[in-house]
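All residue numbers for the sequence shown refer to my numbering, where the first residue is 1 and numbers rise by one.
Step one of this worksheet: look at the structure below.
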Amino acid sequence: MITAIVICGLALSAGAVLPPANWLPNDTTGERLGFAARYILVISVWLLICIGVLARHRFFTPADIDGSGLTAGTAKAKILQAVLQNTLEQTVLAALVYGSFAALAPSQWLGALPVAALLFFCGRVLFWHGYAHGAGPRAFGFALTFYSTVLLFLASIFLALV
């Protein structure tokens with residue numbers, strides 16, 4: 001977890017200070033919203049993938065075709081549902097934070113958003129790959145996803161207060 005926090009902190013800081021210095025030439029509210037929307041779409045890919053994979057599994061698995069509300073669910077369906085649930089939670093939180101950060105941050109710091117989306121994306125890959133193998137193998141992926149969002153959240157709180 002500490003390694004993930006350090007990686008997220010360094011990567012987000014680098015994204016905030018490295019060129020281009022001005023991500024928004026006109027720096028309008030619409031540009032900021034559009035900038036955040038691009039990276040919210042990037043992270044939403046994982047939510048789309050998780051929903052699709054679980055739906056596909058249920059469609060082709062007779063024991064799961066009726067859905068989790070009507071069946072006990074196979075072990076595979078339970079894992080896919082857990083990954084989907086966590087991805088939904090992470091995506092909603094990140095989308096809210098990305099929008100807040102885009103609205104509050106100086107335009108030269110907005111490079112942190114594509115970095116956060118990249119960390120989120122990589123974190124989801126590692127989380128999904130490690131989920132079936134237990135807490136240890138999925139922890140780093142969770143941490144990359146979560147702490148990149150937490151650090152942007154803390155920056156947004158700071159920016160909102162100053």
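Each residue gets a CB set at the ideal place from its N, CA and C atoms; glycine is no exception.
Values in this document were obtained by computation on a predicted structure and should not be read as measured data.
When we look at the beta-carbon of residue i and count the other beta-carbons within 10 Å, is it buried (16 or more) or exposed?
i, result
"Tyr80", "As written in the sequence, residue 80 is Leu, which differs from the Tyr given in the question. Its Cβ being crowded by 16 or more others within 10 Å, Leu80 is buried."
"Phe35", "buried"
"Phe60", "exposed"
"Ala116", "buried"
"Thr149", "buried"
"Gln90", "buried"
"Asn86", "buried"
"Ala95", "buried"
"Gly15", "buried"
"Ala63", "exposed"
"Arg56", "exposed"
"Leu41", "exposed"
"Arg58", "buried"
Quick one, which of the options has its alpha-carbon nearest residue i's?
i, options, result
"Ala132", "Ala14, Ala82, Cys50", "Ala82"
"Leu88", "Ile51, Val42, Arg138", "Ile51"
"Ser100", "His129, Leu113, Leu12", "Leu113"
"Met1", "Ala14, Gly111, Ala139", "Ala139"
"Val97", "Asp27, Leu33, Thr28", "Leu33"
"Leu18", "Asn86, Leu110, Val125", "Leu110"
"Pro25", "Gln108, Phe127, His129", "Gln108"
"Leu93", "Asp27, Phe153, Ala14, Trp23", "Phe153"
"Val53", "Ala72, Arg38, Lys78", "Lys78"
Hey, quick one: how far does the alpha helix (DSSP H) through residue i stretch, first residue to last?
i, result
"Gly99", "75 to 104"
"Ile49", "29 to 60"
"His129", "112 to 131"
"Ile7", "2 to 17"
"Pro137", "135 to 161"
Quiz item: Is there contact here, the segment 152 to 162 with the segment 98 to 110, by at least three beta-carbon pairs under 8 Å?
Solution: yes
Quiz item: Is it a yes or a no for the segment 118 to 135 touching the segment 41 to 48, going by three-plus beta-carbon pairs under 8 Å?
Solution: yes
Self-check item: Meets three-Cβ-pair contact criterion under 8 Å: the segment 141 to 150 and the segment 1 to 20
Solution: yes
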